[in-house]
Structure formats: C-alpha cells, structure tokens
Amino acid sequence: MTAPAPSTFPPAARPLAATPPVAALIAQINAYKMDDHLRALVAAGSRDVRHAGHAQAVAYLYEQLRAVPGIEVQTHLAAYQGQRLENIVAIIDPLGPVPPGGWVLVSAHYDSIANRTPGWDPRVTAAPGADDNATGTAALLEHTRILAANRSALRTRVVVAFFDGEELFYKGSADFVSKLTKPYAYKAAINLDMVGFNPITDRLDLLWYLPHSAGLRDRVAATNQRYGIGVSPLNPLYASDGSTIMDAAPFGLAGIPSIALCQRYGGNDASFPGNSTFHTSNDTEASVTNRGLWLKAAKLTLAVALELAAE
Ligand SMILES: [Zn+2]
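Just so you know, the numbering used here puts the end of the sequence shown at 322, numbered straight through with nothing missing.
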C-alpha cells in the first residue's frame, strides 16, 4: 500500500446528481432473496473445487441464472493443477446496439476453502463459505435479476462474473482476464468478496489497483455518498500487486480500472474485530453477523455499475 496517485479514469459524462432510476433500482435488492441464495450455496457443504459440493453450487447458479429472462449465460472453463475451474458469466445488454467498449464487469468468487480447519481435506472437509464468499455471490444474483429487468437503464453491456478458483490464488479470474482481447472492452471491474461480517460498524475496505483505478475508487466513494448508502467507514487501500489475492487483482494488473469491496482487508483494528471463521468449516450462516452491511455492499456495487453503464 503506497500513496494515492492521480486519477486517469474518465470523468462522468453527465452531472452526478442522484437520479431516481438508480436510487429506485438499488432499492429493489431483496435481502430475503440474498438470504435464500446464501443458504442454498452453503447447503452444498463445500464449494471447494475438489469437493462434490462444488458441482451442486454450480448447478444452483445455472438454475438461477437460466431463469432470468433476457440475458446470455456463458461458461468459461479453465484448469489449474488438474482441477477444472468453471467461471459462470451473465451478459446483460442494453436494449439498443451494444457498443464495442465501455463495458462494466461486476464479479464475486463462488468457490470456498477451509484450509484453516485442522486436519483439512478439501475433498471432504466442510467449507460452507458463507461470508467468504456466498455473501458476494448472492448479491450478484440479485444484481443480475434487477439489471436484466431494467435493460432500458443501460447504454452499455454489464457482465456479471461468478468466478471459480479464487481460493486457489484467483486462478479463475486470472484465466478470464488472460483470454480477453485488447484493447479491453471493459472500463471498470468491481469485485465483492466477504461483505457480511462486522458486529461493530458498517465498514468496507475499498481496494484499488494501481493509479489507473483512482478515478473508479473516487466514483465508488461518491456513489456511497450520493445515494446515502451508508457504508462507513469506507476505507481506500492502494494495491500495487496481486498479493491481495482478490479477483479484482488480475483486472487491475492488466490495466483495467479495478476495485474490490471487502469488509476488511488485512489486520484487525478498533472498527473490525476480524472474522475468525474465515477459511474454516465454521464460516456458516452464523458468521454473517452484519446483514445490513451485506445489503449496503450490494447496493453500492449495483449503484456504481448502473451509473457507469448508463453513461
Ligand atoms: Zn473470498
């Protein structure tokens, strides 16, 4: 983490007053639906790629996404050390022509791991991954539903990516980025990872990747204010390399403006006691201690995506 750098992100094309469409659309995020998705994902037992529950979670994601009218659902396969990785991508296009660039990507990883559990065997050890990262995955399912039903609000493509293999050092998202053609069609990549734990505050860290992501960082902070979403504190953290191990990293390192929202990256402090169940069999629904924060994270992500896609 080093000093912030000047923004190279293009300024907004239109005045950044709060607009009723965005405010109305983020209000459509249904916390009960997010709960249902989280429970279904946790019910798989584990979403570790080496565990049979992974396929159950994949089937659930396809079932949910294929029930959404008006979108294209794609499968992007990758491999890592003999393991099959399956990125699942929902394409949501405007009603008019799709521009060749200026696309917006929203991502979360759906895989899980329990390598901090004593005696860990990825094939059999439970890895419910409720906070990490059924919270982000469930939010993305709501984003997909709302965006698909409101394609008239879009001027460009929104890609909602459910990445696999993040727990294997973001191999799924890295493979996805490696297969993109240049010039990149994406103007922004927004990642949600662990957004449901903090019994003290509605805090999120805002990781931003390299100087070209400074403008996107500022947009996220301004959007939090503009719509009164209430993430507080929202802490910017500069990321200069991939050691953060987040799906935002490969996008940022490739030169795409990229940020990640996370309840806390790094060590504990007075506003964050730390989720001790992280990467254990105990990351169950009970570890999602702050459902208000979870909802705020989902709203903030959707608001930023809607604003960027409407420009
Ligand atoms: Zn995670």
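Note that the Cβ used here is the ideal one computed from N, Cα and C, for glycine as well.
**Ala271 in three-state terms, based on DSSP** = Three-state result, Ala271: strand.
**Extent of the continuous alpha helix (DSSP H) run through Tyr43** = 42-53 is the extent of the alpha helix (DSSP H) around Tyr43.
**Message:** Whether or not the region 245-263 and the region 193-201 are in contact is what I'm after, with contact meaning three or more pairs of Cβ atoms, one per stretch, closer than 8 Å; do they touch?
**Reply:** With the cut-off at 8 Å, the region 193-201 and the region 245-263 touch.
**Asked** With 16 as the cutoff for other CB atoms within 10 Å, does Phe180 come out buried or exposed?
**Response** exposed
**Message:** Here's the rule: buried if 16 or more other CB atoms are within 10 angstroms of the residue's CB, otherwise exposed. What is Lys307?
**Reply:** Classified as buried, Lys307 has 16 or more neighbouring CB atoms from the shown chains inside 10 Å of its CB.
**Message:** Given this structure, state the Cα-to-Cα distance separating Val79 from Asp104, to the nearest angstrom.
**Reply:** 13 Å
**Asked** Candidates Pro139, Leu218, Ile267: which alpha carbon is nearest Ala63's?
**Response** Of Pro139, Leu218, Ile267, the smallest CA-CA separation from Ala63 is found for Pro139.
**Message:** For a quick check, are the C-beta atoms of Ile201 and Ile102 less than 9 Å apart?
**Reply:** Against a cut-off of 9 Å, the Cβ pair of Ile102 and Ile201 comes out as no contact.
**Prompt:** Between the beta-carbon of Ala309 and the beta-carbon of His154, is there less than 9 Å?
**Reply:** yes
**Asked** Which residues in the same chain have their Cβ closer than 8 Å to the Cβ of Arg50, if we skip the five residues on either side of it in sequence?
**Response** Glu296
**Request:** Please report how far the alpha carbon of Thr255 lies from the alpha carbon of Val84, in whole angstroms.
**Result:** 29 Å
**Asked** Can you tell which of Thr146, Ile211, Gly241 has its C-alpha closest to the C-alpha of Cys273?
**Response** Looking at the Cα atoms, Thr146 is the closest of the given residues.
**4-residue-minimum alpha helix (DSSP H) runs that sit fully inside the region 273-307, ordered along the chain** = none
**Prompt:** When you compare only the Cα positions, how much space is there between Tyr121 and Arg275?
**Reply:** 18 Å
**Enclosing alpha helix (DSSP H) for Arg228 [first to last residue]** = DSSP places Arg228 inside the alpha helix (DSSP H), whose first and last residues are 225-237.
**Buried versus exposed call for Gln75 [16 or more other C-beta atoms within 10 Å across all chains shown]** = buried
**Asked** Does at least one heavy atom of ligand 1 sit under 8 Å from the Cβ of His65?
**Response** no
**Message:** Relative to the C-alpha of His290, which candidate in Met205, Ala125, Ser282 has its C-alpha closest?
**Reply:** Ala125
**Message:** Just verifying my parser: in three-state terms, what is the DSSP assignment at His87?
**Reply:** His87: strand per DSSP, three-state reduction.
**Request:** Please report the residue range of the beta strand (DSSP E) in which Phe169 lies.
**Result:** What sits at residue 169 in the sequence shown is Val, not Phe. Secondary structure note for Val169: its beta strand (DSSP E) is the uninterrupted segment 169-174.
**Prompt:** What does the shell around ligand 1 hold, if a residue joins when its beta-carbon is under 7 Å from any heavy atom?
**Reply:** His120, Asp143, Asn144, Glu177, Glu178, Asp204, Met205
**Message:** Just to confirm the assignment, what range does the alpha helix (DSSP H) spanning Asp186 have?
**Reply:** For Asp186, the uninterrupted alpha helix (DSSP H) segment begins and ends at 182-189.
**Request:** Using beta-carbon positions only, say whether Leu304 and Val231 come within less than 9 Å of one another.
**Result:** no
**Message:** Please identify the residue among Arg166, Gly130, Leu311 whose C-alpha is closest to the C-alpha of Ile240.
**Reply:** Residue Leu311 is the option with its Cα nearest to Ile240.
**Prompt:** Counting pairs of Cβ atoms below 8 Å between the region 214-234 and the region 156-168, do you hit three or more?
**Reply:** no
**Message:** What does the alpha-carbon distance come out to for the pair Ala119 and Phe174?
**Reply:** 6 Å
**Prompt:** For the region 47-61 against the region 85-96, are there 3 or more C-beta pairs whose distance is under 8 Å?
**Reply:** yes
**Request:** Reducing DSSP to helix, strand and coil, say where Asn202 ends up.
**Result:** strand
**Prompt:** Which residue's Cα is closest to the Cα of Asn279: Lys193, Pro268, Lys190, Ile211?
**Reply:** Selected option, being the one with the closest Cα: Ile211.
**Asked** For Ala38 versus Val117, is the C-beta distance shorter than 9 Å?
**Response** In this structure, Val117 does not lie closer than 9 Å to Ala38 by Cβ.
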